[in-house]
Amino acid sequence: MIGLAVMGENLALNIARHGFKIAVFNRDTAKVERFLKRAEGQPVVGTCSYEEFVAALERPRKIILLVKAGQPVDDVISHIKPLLSEGDIIIDGGNSFFQDTRRREKELSAAGLNFIGSGVSGGESGALNGPSLMPGGKREAYEQIRPIWEAIAAKVDDGPCVTYVGPDGAGHYVKMVHNGIEYGDMQLIAEAYSILKNVARLSTGELASVFNEWNKGVLNSYLIEITANIFKVKDPETGNPLVDMILDKAGQKGTGKWTAEIALEMDIAIPTIQAAIDSRVMSSQKDERVEASKQLSGPSVTPFSGDKKQLIDAVHDALYASKICSYAQGMNLIRKGSEQYNWNIDLGEISRIWKGGCIIRAQFLDKIKQAYQRRADLPSLLLDPDFKAWVLETQSRWRQAVGSATAAGIPVTAMSASLGYFDTYRTANLPLNLTQAQRDYFGSHTYQRTDRPEAGFVHTEWEKLLEES
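Residue numbers for the sequence shown follow this note's numbering, so the first one is 779 and each next one is one higher.
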């Protein structure tokens, strides 16, 4: 293990706890000493230089990098590459951009070395107790680390939460989309919270009870569970709910942005995920929003006089339906990447390994696995019989929740984006015929006719026809 920050330390302890002897190195050797004290009694060997580190390993060497994505990964590779032998394996467990992983895999393969880009999800606790692992690279290289990866991964009812994802950058690509879906999940939950707090006027205690109840049904998930827990925590300084003392400026590390950029490149619509990214960006503009709030008024949020239980149920259904749309977008993006790069990714298997260990782990993922088992080439989760029936049956409550928020002037960008996605997907004839007419009018971009689309693209001299009309 090279890199003893939080994730590196905990993953190294996980590996050692499962009986695998592991050597560790960090550029700051003081971290090595501190880690050895933490790992006392475990099969861990500390090293103080790259040379000592490489010499401590049996061949074929298996070296995990958990360092900051980008140039630091290339820097570490440049240090150890001259010290390695043919057949050795370098595993990048960080959140690297998949195109960087593809480049590194190609370069190292040419030098006789193996490179695996492995997504690791689950945060500090997952790394220590069992993450979801998404390795990509040469199949034969993965087979050499498979006993370790299967031992340290989270375990669910149908096996360890790890699978061979595909060649070169497939693992990091899937991890990237996972993180984009995670953005969407978190934003949708925040919007549900906002409706319940600002429209239904629920207290934090009531919110904790609602989310606890939700976690017993179709919304059962790690994020819903920790949300309920968050509402129970009091600030030791003020005695107020701690969540109310937290500034509404959300951070991000880049994987969500990558997801949005790749979706644009691949012509895959991911409006829910994009809305979540936009919301984080706008949250960072705190001072500007505070000033705007003094100048731009909206509807007055009056005390809710309706049936609170009915509104809570509507928000529940809106959250679940929006979540289905968000995952449909993410799965379509994985499918498109798989097709473009010939990765042959099994979407059902990806759903399975996300059932445990990772941040988006949820009961819901088993339903997604089953959907792809029923039909491997399913074009959208919205067309799976089970998901379709659920969304069609509950869409009125979904619309009620979004409508209630909109009427109160409460932003629900991700829920609205999911609803818009659903309505767009189910609409046979969109108003984009006018868009094509405009494009042809000002730029001669051509269009197809409804009465004979097979005839190909045509152009109209609009101004000439206008004069003749």
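The C-beta atom is built at its ideal place from N, Cα and C for all residues, glycine as well.
Model, not experiment: these values are computed from the prediction.
So who's on the other strand from Phe-831, going by DSSP bridges? Paired residue(s): none; Phe-831 is not in a bridge.
Nonlocal neighbours in the same chain, by C-beta distance under 7 Å from Asn-788, ignoring five residues either side: Glu-902, Ala-905 and Leu-906
From Asn-970 to Cys-939, what distance separates their C-alpha atoms? Here the sequence assigns Ala to residue 970, which means Asn is not the residue at that position. Approximately 29 Å between the Cα atoms of the pair.
Apart from the five residues on each side of it in sequence, which residues of its chain come closer than 6 Å, Cβ to Cβ, to Thr-941? Glu-1127 and Ile-1131
Roughly how far, in whole angstroms, is the beta-carbon of Ala-1006 from the beta-carbon of Asn-993, given that I think they are within contact range, below 8 Å? 6 Å
Beta-bridge partners of Gly-1158, as assigned by DSSP: According to the sequence provided, residue 1158 is Ser. The question's Gly does not apply to it. BP columns for Ser-1158 are empty, so no partner.
Nearest-angstrom Cα separation, counted from Phe-1009 out to Glu-991: 13 Å
Where does the unbroken alpha helix (DSSP H) through Met-1044 begin, and where does it stop? From DSSP, Met-1044 is part of no alpha helix (DSSP H); its letter is neither H nor E.
Host beta strand (DSSP E) of Met-912 (start-end): 910-914
With a threshold of 16 other CB atoms inside 10 Å of the CB of Phe-893, please say whether the residue is buried or exposed. buried
Hey, how far is the Cα of Gly-895 from the Cα of Ala-1041? 21 Å
Helix, strand or coil: which one does DSSP assign to Leu-1025? coil
CB contact flag (His-796, Ala-889, <7 Å): no
Using 10 angstroms around the beta-carbon of Ser-1222, count the other beta-carbons present and answer buried if the total reaches 16, otherwise exposed. exposed
Quick one: what's got a C-beta closer than 7 Å to Leu-974's C-beta in the same chain, skipping five residues either side? Leu-980, Leu-985, Val-988, Ile-1090 and Val-1093
Assign Pro-938 to one of three DSSP states: helix, strand, or coil. strand
Cβ of Leu-835 within 7 Å of Cβ of Ala-801? yes
Identify which residue in Phe-831, Gly-1234, Thr-1224 and Asp-946 has its Cα closest to the Cα of Met-912. Asp-946
Relative to the C-alpha of Ala-1038, which candidate in Gly-786, Gly-958, Met-779 and Glu-1003 has its C-alpha closest? Gly-958
For Met-1044, which residues in the same chain have their Cβ closer than 8 Å to its Cβ, ignoring the five residues on either side in sequence? Leu-1111, Lys-1114, Gly-1115 and Gln-1118
Starting from the C-beta of Ser-972, find all residues in its chain whose C-beta is less than 6 Å away, skip the five residues before and the five after it, and write them out in chain order. Ile-1188
Here's the rule: buried if 16 or more other CB atoms are within 10 angstroms of the residue's CB, otherwise exposed. What is Leu-1156? buried
Quick one: is Ala-931 buried, meaning 16 or more other Cβ sit within 10 Å of its Cβ, or exposed? buried
Beta-carbon separation (whole angstroms), Gly-1034 vs Ile-1055, contact threshold 8 Å: 5 Å
Based on the DSSP output, what are the partners of Lys-933 in its beta bridges? Pro-938
May I ask you to report which of helix, strand or coil DSSP gives Asn-873? coil
In the DSSP assignment, find the beta strand (DSSP E) that holds Ser-899 and state where it starts and stops. 892-899
Is the beta carbon of Ile-1102 closer than 7 Å to that of Leu-1159? yes
What first and last residue would you give for the alpha helix (DSSP H) that runs through Gly-1181? 1163-1185
For Pro-925 and Asp-935, what's the separation of their Cα atoms in angstroms? 18 Å
Distance, Cα to Cα, Trp-1168 vs Asp-1124? 24 Å
Are Gly-865 and Ala-847 close, meaning C-beta to C-beta below 7 Å? no
Backbone secondary structure at Ala-817 - three-state DSSP: coil
If you measure between the beta carbons of Thr-1050 and Ala-1195, is that distance less than 7 Å? yes
Taking the alpha-carbon of Val-1011 as reference, which of Asp-963, Ile-1002 and Asp-1022 has the nearest alpha-carbon? Asp-1022
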